[in-house]
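> Got a structure for you, questions after.
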Amino acid sequence: MTSFPSSILPVFVNLTDNALFWLGEREARDAEGRPIPRVKLDADERGYLFSDNGRGIPARDREAVFEQGFTRKPGGRGLGLFISREVLRGIGFTLELLDSPAAGGGTQFRIAQEAQDEDDGE
């Protein structure tokens, strides 16, 4: 996967910001009452994986999270995931919301390079 870091970095920043916000809303707490946050960045043969153990995204919102203006975050504007997906599309990548990685909830996104047509002359 190749691209300019300046194009992909803001997407990771947005995903991290969202994860940290929603992790603060999670009910899982340590012995001192603090949230137990887990944010993970990984990669596989299909792209980058970004996951957290926050409360997850309800099924009814799974498609809407990428729409301009959609938000459940108090004071949010509903632009982060919309802009992230559009920026990635502009450089030949996709941003996909995957099924929850764990039984306890959470959210997982994949950033992947779009498949290239073999007929495109390259």
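The sequence shown maps to residues 1 to 122 in UniProt numbering.
Ideal placement from N, C-alpha and C gives every residue a C-beta, glycine not left out.
Helix or strand or just coil, what does DSSP make of residue 177?
Outside the shown range of the chain, which is 1 to 122, sits residue 177, and nothing can be said about it.
> Using only CA atoms, which one of R38, V11, A31, A43 lies nearest to W22?
R38
> Please report the Cβ distance between F93 and L15, rounded to the nearest whole angstrom; I am assuming they are in contact, meaning their Cβ atoms lie under 8 Å.
In fact, because the Cβ distance is near 13 Å, the residues do not count as touching under 8 Å.
> Write down the C-beta distance between E67 and F82 rounded to the nearest angstrom, noting that I regard them as a contact closer than 8 Å.
6 Å
> Can you give the beta carbon distance from A19 to D52, rounded, assuming they're within the 8 Å contact cut?
4 Å
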